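Here's the structure we're looking at; comments come further down.
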Amino acid sequence: MTSSGSHRTEPSTTAGEQEMLEGWLDYHRATLAWKCEGLDDEQLRRAPIAPSELSLLGLVRHMAEVERYWFREIMAGEDLPELYCTSEDPDGDFHFSDTAGWARAEQVWQTEIELARQAVKGHSPDLLSDSASHHRGEVFSLRWVYHHMIEEYARHNGHADLLREQIDGATGE
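Add 275 to the 1-based position in the sequence shown for our numbering, that's all there is to it.
Next comes the structure, spelled out in structure tokens:
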């Protein structure tokens, strides 16, 4: 893990609202990818802080589910199946076989990020969702979703910091 977060771009300090929200979300997306850099599949699958099942691979899979849910299912109203979770295993994003690897998880995650971008491209932060939340039964503004996604990534990037340090001692902001 490089100390500079080589693939992260600092968000603009003077951008308008839409660019600022997208910038911070992209920054946090890149931070999670950075926390996974240079590790092999075994290390990425490792849940080093017992009794937690948290792993870097699980966080990436979880964020693919979250991107899909908020941008495509809620904002765009798409009817999509879960990627990893089931009614029998609601935490399936953190449960995987020993053969589950980074290449596939990263591909799915990056695809979901791109599809999320496409789902809301050109829309105002004031846009209301096409669907209501499965959990709360409410509609959401795109602004709310951006803020929630930034919060979700920031929280999980804190987890990723701790996981990475336990795996190989690497630290970084």
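Using N, Cα and C, we set each Cβ at its ideal position, and we do this for glycine too. In this text, all values refer to a predicted model and were calculated from it rather than measured experimentally.
(message) Assuming the contact rule is C-beta atoms closer than 8 Å, F415 and S404 should be a hit. Round their C-beta distance to whole Å, please.
(response) Taking C-beta atoms under 8 Å as the contact rule, F415 and S404 qualify, at a distance of about 5 Å.
(request) Check each candidate in E381, W419, E297 and name the one with the smallest Cα separation from D316. (result) With distances taken between CA atoms, D316 lies nearest to E381 out of E381, W419, E297.
(message) I'd like to know whether the C-beta atoms of I442 and L331 end up nearer to each other than 9 Å.
(response) Using a Cβ distance threshold of 9 Å, I442 and L331 count as a contacting pair.
(request) Could you please give the first and the last residue of the uninterrupted alpha helix (DSSP H) stretch that includes W384? (result) 377-395 is the span of the alpha helix (DSSP H), which, as asked, contains W384.
(request) Could you say if the segment 303-323 and the segment 333-346 meet the contact criterion of at least three C-beta pairs nearer than 8 Å? (result) These segments touch.
(request) Mind checking who S416 pairs with in its DSSP beta bridge? (result) Answer by DSSP bridge pairing, in chain order: L403.
(request) Using three-state DSSP, classify T446 as helix, strand or coil. (result) Coil, per DSSP.
(message) At the level of alpha carbons, what is the spacing between E312 and H410?
(response) CA-CA distance, E312 to H410, rounds to 34 Å.
(request) Identify, in the order they occur along the chain, each residue of the same chain with its Cβ nearer than 6 Å to the Cβ of R439, setting aside the five sequence neighbours on each side. (result) Correct list, in chain order: K310, A445.
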